[in-house]
Amino acid sequence: MDERNKRASGITMVALAVTIVVLLILAGVSISTLVGENGVVDNAKKIQNDTYYQIASEEVNQLVLEHKLTKKDETLEEFLTSKVPSRIDGVTRKNDNTLIVKKNGYEIEVEEVKAESQTLTLDVVPYVGTYDGQPHDMLTSVNVLPSDSKVEYSIDNGKTYIENIPQIINASSVSVIVKASRDEYKTETVTKTAVVNKAEGKLKLSETSGTITYPNNTAFTVSENTGTLSVSSNNNNIATASVSGNTVAVKSGTTAGKATITVTSAEASNYTAKSATYEATVNNGTISLSATPYTGTYDGKAHKALTNVSVNPSDAKLEYSINGGTYSTTMPTITNTSSFTVTVRASKAGYKTQSTTQTVKVNKANGSLSLSSYSSTITYPNSTSFTASGTGSISAWSSNTGVATVSVSGNTVTVKSIGVGSATITVKSASNTNYNEKTATYTVTVKDSTVTGNFGVGYYADVDGNGTVDGIIFADFKYGGSGSWGGTDYTISTVTGLKEYYVSKTNYNGPFGIKDVLSARGNGNARFNVMALSDYDNSAKYTFPAVERITSGEWRVPTRIELVTFGGQLGITTSNYSGYGLNDRYWSSSGGISTGYYVNFSNGRIVSASVNLGYPVRLSRTF
Numbered sequence: 003m004d005e006r007n008k009r010a011s012g013i014t015m016v017a018l019a020v021t022i023v024v025l026l027i028l029a030g031v032s033i034s035t036l037v038g039e040n041g042v043v044d045n046a047k048k049i050q051n052d053t054y055y056q057i058a059s060e061e062v063n064q065l066v067l068e069h070k071l072t073k074k075d076e077t078l079e080e081f082l083t084s085k086v087p088s089r090i091d092g093v094t095r096k097n098d099n100t101l102i103v104k105k106n107g108y109e110i111e112v113e114e115v116k117a118e119s120q121t122l123t124l125d126v127v128p129y130v131g132t133y134d135g136q137p138h139d140m141l142t143s144v145n146v147l148p149s150d151s152k153v154e155y156s157i158d159n160g161k162t163y164i165e166n167i168p169q170i171i172n173a174s175s176v177s178v179i180v181k182a183s184r185d186e187y188k189t190e191t192v193t194k195t196a197v198v199n200k201a202e203g204k205l206k207l208s209e210t211s212g213t214i215t216y217p218n219n220t221a222f223t224v225s226e227n228t229g230t231l232s233v234s235s236n237n238n239n240i241a242t243a244s245v246s247g248n249t250v251a252v253k254s255g256t257t258a259g260k261a262t263i264t265v266t267s268a269e270a271s272n273y274t275a276k277s278a279t280y281e282a283t284v285n286n287g288t289i290s291l292s293a294t295p296y297t298g299t300y301d302g303k304a305h306k307a308l309t310n311v312s313v314n315p316s317d318a319k320l321e322y323s324i325n326g327g328t329y330s331t332t333m334p335t336i337t338n339t340s341s342f343t344v345t346v347r348a349s350k351a352g353y354k355t356q357s358t359t360q361t362v363k364v365n366k367a368n369g370s371l372s373l374s375s376y377s378s379t380i381t382y383p384n385s386t387s388f389t390a391s392g393t394g395s396i397s398a399w400s401s402n403t404g405v406a407t408v409s410v411s412g413n414t415v416t417v418k419s420i421g422v423g424s425a426t427i428t429v430k431s432a433s434n435t436n437y438n439e440k441t442a443t444y445t446v447t448v449k450d451s452t453v454t455g456n457f458g459v460g461y462y463a464d465v466d467g468n469g470t471v472d473g474i475i476f477a478d479f480k481y482g483g484s485g486s487w488g489g490t491d492y493t494i495s496t497v498t499g500l501k502e503y504y505v506s507k508t509n510y511n512g513p514f515g516i517k518d519v520l521s522a523r524g525n526g527n528a529r530f531n532v533m534a535l536s537d538y539d540n541s542a543k544y545t546f547p548a549v550e551r552i553t554s555g556e557w558r559v560p561t562r563i564e565l566v567t568f569g570g571q572l573g574i575t576t577s578n579y580s581g582y583g584l585n586d587r588y589w590s591s592s593g594g595i596s597t598g599y600y601v602n603f604s605n606g607r608i609v610s611a612s613v614n615l616g617y618p619v620r621l622s623r624t625f
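Mapping of the sequence shown onto the numbering used here: residues 3 to 625, in sequence order.
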């Protein structure tokens with residue numbers, strides 16, 4: 003109100019002065035002077051305009067002064083636009099330091115200068131102490147100058163403030179913001195930390211030591227503890243401990259001696275942890291132990307090494323060792339013929355360990371031997387076999403190696419014919435760890451297998467006697483014969499002075515079915531024509547000129563008539579040739595310069611063709 007009065011008074015005096023000046027001017031000049039250029043009237047108007055500008059300027063300066071007196075942390079522009087907008091017509095910024103204030107139609111330029119604030123003095127001392135269950139001011143001293151400054155406190159990081167010093171009771175650390183403020187002074191804040199440290203914990207035991215004789219236990223009580231109780235033992239083999247409520251139970255362990263039981267009152271919100279110790283002395287009892295060893299004859303069964311073990315107390319732990327060093331809770335067994343010692347050890351928590359050593363024994367049993375067959379008759383040069391089951395490794399020998407020889411593989415005994423006659427095969431089951439040796443005999447009779455009156459066509463042939471089947475017989479010179487195949491006739495000549503032939507393998511399963519295999523021995527003429535069981539060079543195709551040069555030992559390319567004989571004697575047709583592993587076409591060795599003959603099994607004919615065509619070859623020979 004005083005400022006407004008001052009402002010109103012200032013405006014009245016200025017107006018009065020202006021009026022007096024104008025009257026004097028009017029009274030002292032003529033009419034021409036008044037109305038002429040640069041006359042009195044014109045000059046009066048200029049003076050009036052200047053006067054109104056000064057009035058507007060004084061009012062703006064008054065606002066600047068009010069800002070300096072009332073607001074220290076607010077810019078002049080902010081003050082004019084937010085606090086006194088009704089007292090001006092507007093404000094714009096000319097530059098960083100200058101404002102243009104519009105008032106009564108005039109633009110007054112003012113400099114924006116922040117007024118400097120006075121400084122408050124704030125000194126704060128926080129509370130630091132130990133928990134005693136009593137409330138304490140978080141600040142022991144708060145001094146501020148000027149003394150009439152407003153002091154506020156916050157413990158939520160400045161979100162809210164109170165005017166009373168906050169208090170602290172429980173052990174903790176709390177940050178307190180102290181804010182001091184006063185008009186015309188810059189607000190000051192100070193942050194301090196009030197601390198209440200934990201008090202020393204409390205703990206009291208009813209006893210500090212005791213003696214336990216297994217299997218007894220003991221206990222003591224705890225009082226005045228300030229935290230949750232826990233217990234531990236420095237040697238659980240001697241004694242263990244547990245807590246229930248305020249009672250600590252001490253249980254004896256497996257080892258005699260002294261153990262320290264530590265009781266701890268845990269750290270709490272207002273108290274540190276506290277520990278106390280109890281010394282437990284543990285004494286052991288005595289175990290009685292006896293055992294009976296096993297003695298018997300080998301029977302293939304596992305027997306417990308000890309037939310009777312007696313121990314008191316009955317729940318003592320039993321362990322066994324056969325080397326005196328490594329023990330197991332599983333009793334060892336004895337199966338094979340042997341003799342060894344077994345130590346049994348008994349232990350129990352609180353008892354002295356006891357042990358006893360006994361000798362166990364298993365004697366060797368009589369051996370056994372059985373044969374799947376004890377005799378056989380075989381035809382030279384065949385072999386036979388039988389199995390031998392015994393208690394030891396199997397060996398065998400022949401009484402007459404000119405009739406038969408013998409070999410052993412595992413439990414299989416193989417007898418091979420050498421000549422006509424009889425021989426005794428002796429089989430032995432050797433002595434071993436658990437059995438004595440055992441023998442048995444096998445009688446073999448060897449008969450001759452010479453092929454005499456049998457027609458040989460259709461038999462397989464082992465032409466070199468090495469045990470490998472080489473071909474199929476398609477012509478027998480002992481009996482001869484004739485026939486026709488594919489429109490072509492063939493004749494098989496007869497031959498005398500023949501070699502001797504025998505069955506070297508029975509029931510051979512080859513491409514022409516299951517047949518016996520013939521082999522030759524002695525001297526004489528070949529009795530058979532044989533066709534190979536597979537194509538030459540893996541069914542490669544050759545021109546006729548190349549075919550004429552193909553041989554392999556006594557094997558050669560068959561003639562046209564030999565191929566016809568092969569097809570007629572073995573009954574090869576257009577529908578079965580592929581089942582015998584045959585291709586549809588094969589060159590013969592018969593032909594001329596420009597043409598050669600080949601067999602076509604797919605149409606059952608002997609055909610002539612250009613020598614330049616390519617067909618596979620299958621070889622034949624006499625046997």
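Beta carbons are placed, not taken as given, at the ideal position from N, Cα and C, and that holds for glycine.
Got a sec, what are the start and stop residues for the alpha helix (DSSP H) residue i sits in?
| i | result |
| --- | --- |
| Leu-78 | 78–84 |
| Ala-542 | Unbroken run through Ala-542: none, as it is neither H nor E. |
| Phe-568 | 562–571 |
Determine, using beta carbons only, whether residue i and residue j come nearer to each other than 9 angstroms.
| i | j | result |
| --- | --- | --- |
| Tyr-216 | Val-252 | no |
| Tyr-444 | Leu-535 | no |
| Ser-521 | Tyr-510 | no |
| Tyr-163 | Ser-174 | no |
| Tyr-579 | Ser-590 | no |
| Ser-292 | Asn-310 | yes |
| Thr-262 | Ala-282 | yes |
| Tyr-133 | Asn-199 | yes |
What number of angstroms, rounded off, separates the C-alpha of residue i from the C-alpha of residue j?
| i | j | result |
| --- | --- | --- |
| Asn-413 | Ser-375 | 13 angstroms |
| Thr-288 | Lys-354 | 5 angstroms |
| Thr-249 | Thr-266 | 13 angstroms |
| Val-453 | Glu-502 | 7 angstroms |
| Asn-145 | Ser-84 | 36 angstroms |
| Val-313 | Thr-337 | 26 angstroms |
| Ala-477 | Ala-406 | 34 angstroms |
| Phe-568 | Gly-488 | 11 angstroms |
| Val-459 | Leu-572 | 8 angstroms |
| Gly-483 | Asp-466 | 26 angstroms |
| Ser-357 | Met-333 | 14 angstroms |
| Gly-421 | Gly-512 | 29 angstroms |
| Ser-610 | Gly-593 | 8 angstroms |
| Val-601 | Asn-468 | 31 angstroms |
Could you spell out where the beta strand (DSSP E) holding residue i opens and where it closes?
| i | result |
| --- | --- |
| Val-465 | Neither: Val-465 is in no beta strand (DSSP E) and is coded neither H nor E. |
| Gly-598 | 597–602 |
| Gly-259 | 259–267 |
| Leu-291 | 290–295 |
| Glu-556 | Per DSSP, Glu-556 belongs to no beta strand (DSSP E) and is neither H nor E. |
| Lys-204 | Unbroken run through Lys-204: none, as it is neither H nor E. |
| Tyr-108 | 108–113 |
| Val-448 | 440–449 |
| Pro-128 | 123–128 |
How about residue i: is its C-beta nearer than 9 angstroms to some C-beta of chain D?
| i | result |
| --- | --- |
| Thr-496 | No chain D is present in this structure, which holds just one protein chain. |
Leaving aside the five residues before and after residue i along the sequence, list all residues of the same chain whose C-beta is less than 7 angstroms from its C-beta, in chain order.
| i | result |
| --- | --- |
| Tyr-55 | Tyr-108 |
| Lys-366 | Tyr-300, Thr-339, Asn-436, Tyr-437 and Asn-438 |
| Asn-286 | Tyr-216, Ala-258, Gly-352, Tyr-353 and Lys-354 |
| Thr-335 | Ala-304, His-305, Lys-306 and Ala-307 |
| Asn-7 | Below a pLDDT of 50, predicted positions are generally treated as unreliable, and Asn-7, at 39, falls in that range; no measurement from the model is reported. |
| Thr-597 | Ser-610, Ala-611, Ser-612 and Val-613 |
Give me the residue from the options with the minimum Cα distance to residue i.
| i | options | result |
| --- | --- | --- |
| Leu-308 | Thr-210, Lys-363 and Asn-145 | Lys-363 |
| Trp-399 | Gly-598, Asn-384, Lys-418 and Thr-393 | Lys-418 |
| Lys-188 | Ser-431, Leu-124, Ile-396 and Lys-319 | Leu-124 |
| Lys-161 | Val-601, Lys-70, Ile-171 and Lys-181 | Lys-181 |
| Gly-581 | Thr-256, Gly-482, Ser-604 and Ile-563 | Ser-604 |
| Thr-498 | His-69, Asn-527, Thr-490 and Thr-403 | Asn-527 |
| Val-62 | Lys-104, Thr-220 and Lys-48 | Lys-104 |
What does a CB cutoff of less than 8 angstroms around residue i pick up in its chain, not counting 5 residues either side in sequence?
| i | result |
| --- | --- |
| Arg-184 | Leu-122, Pro-148, Asp-150, Ser-151 and Lys-152 |
| Val-66 | Leu-78 and Val-112 |
| Ser-395 | Ser-431, Ala-432 and Asn-434 |
Using a Cβ-Cβ cut-off of 6 angstroms (strictly less than) and excluding sequence neighbours within five positions of residue i, which residues of its own chain qualify?
| i | result |
| --- | --- |
| Leu-371 | Gly-392, Ser-431, Lys-440 and Ala-442 |
| Ser-349 | Lys-319 and Thr-355 |
| Ile-475 | Gly-458, Val-459, Tyr-461, Ala-463, Phe-530 and Val-532 |
| Ser-323 | Tyr-329 and Thr-345 |
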